[in-house]
Structures are given as structure tokens and as C-alpha cells.
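Structure record follows, encoded as C-alpha cells.
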Amino acid sequence: MSLKLKSGFEFDYDNLFGDGKVTKADIDSYADDLKKAHAAMNVMREKGFIKAHLSKDGEPEKVLFSQLPYVEEGHLNSPASLKHLQELSDHAKKDVDVVVSLGIGGSFLGNKVLFDVHCGSFWNAKSDEERGGFPKVYFSGNNIDPRSTGDLINHLQKMAEVGKTHGKDKLKVLLLVISKSGGTLDTMSNFMVIYDALKKSANVDVEVVAVTDPNTEKMTLLKKLAADHGWDTFAVPDGVGGRFTIFCDVGLTLAACVGFDIKAFLDGAKDMDEACKNEDVWQNPAMLNAALKFAASEKHGRDIEVMMPYGDYLKSVSEWYIQLLAESLGKQYDKDGKEVCYGRTPLVAVGTTDMHSQTQQHQEGKLDKIVQFVKIAKWDNDLVIPDAFPEAKKLSDISGVTMGEALEVARQSNADALASNNRYNACFTLPELNAYHLGELLYMLAMSVAYEGELANVDAFNQPGVEAYKRIMGPKLQELKAKK
Ligand code: PA5
């Protein structure tokens, strides 16, 4: 059983639905709730309103991520904001050697997806020409780790020195500092350390671009710094939580710096949004995904979701999804204030790699999981496995097929084996790994957690739980500083 869109995007839920799995009766039992959830999504699209959603300051707050795919005058993504991104792209191509993207959580995970899918592992080892003139890219701020930050600084300083000995100009480094709140410890500590070190480096020119809350009345620290220093700024708009920011300037600034196709990405998201307006649960990928997973969790105890795309460069999609699911749905209280401790636990996996580590558990461990595969139907530049050693029969037997075909045989075999032992699994298929289909997939997942929030009656757009450690950490840091 599968739901296939005109674009070729497919949701195969055969191993999740039917006898001994989630049943039609399970889904039918949610008929009223699904109707209400669908109506709530329409209100969210039209008015940005989600019942009982409050900001972290306890104020009513709009939910606007579903507006992002629609580039229109007066929208969060507008012709003017896309023009600004194009200017950044032109500037990065013409004037910048290296971009360091600084951010954490929602200000990092989506950017890493775009980078991995578009650039791959060897981007920084390519020549300028092979990169289409776009700069090298490094990530920082995703931890507070003196070793990796020190390594990055040394690496950039070395690069600048080598350039100088070859008669090149100063190394031009653009620090893309991304923080909605503008003061996150992880991001800002790395920023200050790197900024200070590079400013003192004779062979480096440093430029800063800030991506932060655009509010000019109550400026974030980062916004204020940008105003004082004359840095260019981009917006993390109100109403777009960190885990949805891949579709706004957070993700799109990085996209602009590497020549990723922003228009195709947003078009994919927009077409998926249209598909997700269907009121028939069996025709609406996000509603169907949410209903099946909610039922699997609530009625069958399968409340762990292993996100397992097949292909190295998709591991970051899994990491992005972990935040989306965890922060959106892991909630102690429902919208009526009742303690529910809801949430399905997300796990990162990637095929085939984790078939050699996690699969034993998926196949024979507790009956508490759904394995969600992501498959690419057709790989660019697929490689045929050659008959390099005809004398070795076992190796000769696998020759003649492509690596993409072998990858899919491995995934299919895993799916069949899991299904044969009553292990729920499902698969999203992207016809190709490109900006359009990536936009479709990520947007569908975002819309799906919004639906599931309605079904579980929890606020999918707040994250009060992450404030608890912050309340402890702030004074602890002050204490430490006072002792110095
Ligand atoms: O989803 C979230 O809100 C978080 O993961 C944030 O994105 C993360 O904490 C970084 O916050 P900020 O962008 O304010 O630096």
C-alpha cells in the first residue's frame, strides 16, 4: 500500500498497516480527531493560529512555518527577501573564500542537511572552479568544544598563510552567525573565540553576517552588535520555531552561499503543502503519516521511531528529524494542562551502515519501534560494481549491478526481514536526491508533526523543557566567572 504523488514522491506503508499492524479500524477511530486536526491546519495556514500555543514568555504566538514555501509580497519569504539572498550568493561567490556557519539546534541542523545534500563530503577539497566559485564551508557553534574550535582556527590560519606564500590576497572569511535569540552560549562563545582569533590574524579579512530575530524595538544582542558594527543581517522571523527554520533565512543563507537551488527547494515544499491540504487522510501524506504513527504508538506500543535513510549524505536528514520529532511532541502536559508525558522517541540511523550495528535490536529487541526508511529511487552518477576479481566467485557474483541497486536490495531486504518478524516499518521514496524532492520530504515531516500535535492534543510548537537546564546553567556560569 502506498500513497504516490504526481511528483513521484511516495509513502509506502505496507509494513505498517494491515493485519497485525495498524488497522483501518484504528485509523477510523480517529475520524473526528482527524477532521478537527485538518481544520486546525487550515486555520494555521490562514491565520497562523494554533490553539493553546504560547511563546516561551507565555504570550500567544503565531505559528507561521506553513507560509514559508509561498514567496509573496508581505510574506516571510518575499521577492525582496529572495533578492537579498541572491545578493549574498553573488557576494559569496565573488568576494568570499570561506564561510563559517555558526549555530546550534534549529540554527544548525537544517543547514547541515542542505550542505550535505548539495555539497557532499569533499566540497572543501574541490577547486574553486569545481565549487562553481562558491566558498568553502565549515560549521561551528554546534558544541562548546575547545579542541574542534581550536582546530578550525588553526586550519583557517594555515590556509591564509599558505595563500600568502603563494602570493594570494588575504583569506576572506565570512562568519555567518545564526541565532534567533541572539545570545545562545554555544553559538556566541564560538563566534567570539573565532572572531577574535581571526581578527588578530594578519592574513585574514573577517566579515560577519548575522541571522537573528529582526525585531528592532527589542533587539537581540546579535542584532544590536550587527547594528553597531554595520554587519548585514537576515531574519529568523517571529512565529518560526528553530526546527522549522530550514525554510527561512536560517537555511536559505547557507543555501545561498553554496549555490543550492532555493526556488526548487521552496517549490517542493509548496507542492507538498498543496498535497497536505487534502481532507482525505489516505490522500494526504502528512496526515496519513501522523495518523499511522500516532496509532502505532498509542494502540500498539510502537513509540520509538528509527529514522533510517539509505545513503551517507542523508544522515543529517535523520539528525534534523530527531530535533523536529523530539522538540515538537515530547511534552509533559497537553493543551488542557493535563499531565500526559507524550512523545515518540526518535533515533538516528543510516543504511546500510547501521544494519551492521542497530539492526539486531530492530529485528529482535522490544516490539516498540517503527523503522522509517528514506530511499532515493535514482542516484546521479551511479557506479557499476565491476568484476574486478573474476577468480573470487563471491565477489564476481555481486558484479554488474550498480551501487544504487545494491543499496536498495539491502534496504528492501531489511524491510522484508523486519516485516517477517512483526516489526513495523515504512518508506518514503524520493525519485532523485535534489532540492525539489528534499523540500517535499522535509516539509511533509514538518506538517506531519503539526498534525500529530493535534491528535495528541499537545502544543507541537513550544519547547518549555529546554528552559530547565538553562535556568540552572546561567547562574552556574556567573558563579564560575565570579571565582576567576
Ligand atoms: O528549536 C529550537 O528552538 C532550538 O534548537 C534553537 O534553535 C537552538 O537552541 C538555538 O537557538 P538560537 O537560534 O536562539 O541560538
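My numbering puts the first residue of the sequence shown at 157, with every later residue one more than the last. Note that the Cβ used here is the ideal one computed from N, Cα and C, for glycine as well.
Exposure label - residue i; buried when at least 16 CB within 10 Å
{"i": "I526", "result": "buried"}
{"i": "F421", "result": "buried"}
{"i": "A382", "result": "buried"}
{"i": "A638", "result": "exposed"}
{"i": "T321", "result": "exposed"}
{"i": "I309", "result": "buried"}
{"i": "F278", "result": "exposed"}
{"i": "H593", "result": "buried"}
{"i": "S474", "result": "buried"}
{"i": "H209", "result": "buried"}
{"i": "V199", "result": "exposed"}
{"i": "H512", "result": "exposed"}
{"i": "S569", "result": "exposed"}
{"i": "A571", "result": "buried"}
{"i": "Q634", "result": "exposed"}
{"i": "G230", "result": "exposed"}
{"i": "R500", "result": "buried"}
{"i": "L636", "result": "exposed"}
{"i": "P465", "result": "buried"}
{"i": "N371", "result": "exposed"}
{"i": "E483", "result": "buried"}
Residues of its chain near residue i, where Cβ-Cβ distance is below 7 Å and the 5 sequence neighbours each way are ignored
{"i": "M559", "result": "D538, L539, I541"}
{"i": "A446", "result": "S604, Y607, E608, L611"}
{"i": "A602", "result": "F221, F400, L480"}
{"i": "L190", "result": "V437, M443, A447"}
{"i": "A358", "result": "none"}
{"i": "L377", "result": "G338, G339"}
{"i": "R287", "result": "W279"}
{"i": "S234", "result": "V227, E228"}
{"i": "S211", "result": "E217"}
Selected residue, minimal CA-CA separation from residue i, among the options
{"i": "F167", "options": "E608, C583, L636", "result": "C583"}
{"i": "A566", "options": "P235, N590, F617, K531", "result": "K531"}
{"i": "F165", "options": "E561, A431, A612, A544", "result": "A431"}
{"i": "M315", "options": "F400, D307, L327, G306", "result": "L327"}
{"i": "D184", "options": "N577, V437, Y498", "result": "V437"}
{"i": "W535", "options": "D468, F403, A573", "result": "D468"}
{"i": "T179", "options": "A571, S569, S453, N570", "result": "S453"}
{"i": "T389", "options": "P441, L244, D301", "result": "L244"}
{"i": "N346", "options": "D188, A236, F295", "result": "F295"}
{"i": "K162", "options": "P441, K549, H311", "result": "P441"}
{"i": "D188", "options": "Q528, L597, E435", "result": "E435"}
{"i": "G493", "options": "D352, V614, Q519", "result": "V614"}
{"i": "M428", "options": "L598, V254, Y466, Y351", "result": "L598"}
{"i": "D272", "options": "G457, V293, L586", "result": "V293"}
{"i": "D384", "options": "M375, V392, A391", "result": "M375"}
Segment limits, alpha helix (DSSP H) that includes residue i
{"i": "V178", "result": "Per DSSP, V178 belongs to no alpha helix (DSSP H) and is neither H nor E."}
{"i": "I402", "result": "Per DSSP, I402 belongs to no alpha helix (DSSP H) and is neither H nor E."}
{"i": "D149", "result": "The displayed coordinates of the chain run from 157 to 640. Any statement about residue 149 would go beyond what the structure contains."}
{"i": "S296", "result": "Premise fails: S296 lies in the beta strand (DSSP E), 292 to 296, not in any alpha helix (DSSP H)."}
{"i": "P393", "result": "No alpha helix (DSSP H) contains P393, which DSSP labels as neither H nor E."}
{"i": "P631", "result": "623 to 638"}
Sequence-distant residues of the same chain with beta carbon closer than 6 Å to residue i, five excluded per side
{"i": "G262", "result": "G398, R399, T401"}
{"i": "S552", "result": "D543, P546"}
{"i": "I478", "result": "P502, V504"}
{"i": "K417", "result": "Checking the sequence, you will find Asp at residue 417 rather than Lys. Here the set comprises A591."}
Endpoints, the beta strand (DSSP E) within which residue i is located
{"i": "E229", "result": "No beta strand (DSSP E) holds E229; DSSP gives it neither H nor E."}
{"i": "L444", "result": "Premise fails: L444 lies in the alpha helix (DSSP H), 441 to 456, not in any beta strand (DSSP E)."}
{"i": "K487", "result": "487 to 489"}
{"i": "M375", "result": "That residue, M375, is in no beta strand (DSSP E); it is neither H nor E in DSSP."}
{"i": "M511", "result": "Premise fails: M511 is in no beta strand (DSSP E) and is neither H nor E."}
{"i": "F463", "result": "It should be noted that the sequence gives Met, not Phe, for residue 463. Looking at the DSSP string, the run of the beta strand (DSSP E) that includes M463 is 460 to 465."}
{"i": "T340", "result": "Segment: none, T340 is in no beta strand (DSSP E) and carries neither H nor E."}
{"i": "N581", "result": "580 to 588"}
Check whether residue i and residue j have beta carbons under 9 Å apart
{"i": "G486", "j": "G621", "result": "yes"}
{"i": "N581", "j": "L523", "result": "no"}
{"i": "V252", "j": "C413", "result": "yes"}
{"i": "G297", "j": "D342", "result": "yes"}
{"i": "Q439", "j": "L172", "result": "no"}
{"i": "L589", "j": "L410", "result": "no"}
{"i": "L354", "j": "V365", "result": "no"}
{"i": "E217", "j": "G395", "result": "yes"}
{"i": "Q516", "j": "V462", "result": "no"}
{"i": "G424", "j": "G174", "result": "no"}
{"i": "G204", "j": "F290", "result": "no"}
{"i": "V349", "j": "V406", "result": "no"}
Cutoff 8 Å; reference residue i; Cβ partners in own chain excluding five residues on either side
{"i": "I554", "result": "I541, A562"}
{"i": "I300", "result": "L341, D342, S345, N346"}
{"i": "F264", "result": "S257, F295, G297, N298, I334"}
{"i": "M157", "result": "D168, Y169, D170, F173, G174"}
Contact test: residue i Cβ vs the ligand MN heavy atom, cutoff 8 Å
{"i": "G262", "result": "Looking for the ligand MN in the displayed structure turns up nothing; the ligands present are the ligand PA5."}
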